[in-house]
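Contents: one structure, followed by commentary.
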């Protein structure tokens with residue numbers, strides 16, 4: 001099994017376990033940039049994530065980060081994710097390990 005296949009299987013199992021415990025949301029809806037039909041998906045929302053700049057004197061800022069799972073949806077800049085009654089616009093792709101894609105978001 002490749003690392004990518006392992007990560008996809010692990011993430012699938014993690015979402016299955018985390019959603020009932022309230023650590024993930026399996027009832028989110030992804031809407032592509034420019035509209036179109038919404039796609040049901042699972043997400044993990046990390047609120048209060050600290051981000052530091054590249055300055056010589058970096059200052060921490062707090063942001064919200066949403067993890068999408070490639071098996072369901074990859075995401076694109078300016079798309080919208082609605083989860084638990086809140087809407088977020090994807091702003092910057094932070095990481096992509098071949099299974100989970102992490103996005104910085106802004107309230108939509």
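Numbering (full-length UniProt numbering), first residue to last: 1 to 108. Every residue, glycine too, gets a C-beta built ideally from N, C-alpha and C.
- Leaving aside the five residues that flank residue 99 on each side, the residues in its chain whose CB is nearer than 6 Å to its CB run, in chain order, 7, 8, 11 and 70.
- Secondary structure of residue 9 (DSSP, three-state): helix.
- Take the alpha-carbon of residue 102 and the one of residue 37: they are about 22 Å apart.
- Counting the other CB atoms within 10 Å of its CB gives residue 68 a total of 16 or more, which places it among the buried residues.
- Counting the other Cβ atoms within 10 Å of the Cβ of residue 1 gives fewer than 16, which makes it exposed.
- Residue 30 sits away from residue 83, with the two beta carbons spaced by 7 Å or more.
- For residue 26, the enclosing beta strand (DSSP E) stretches over residues 25-31.
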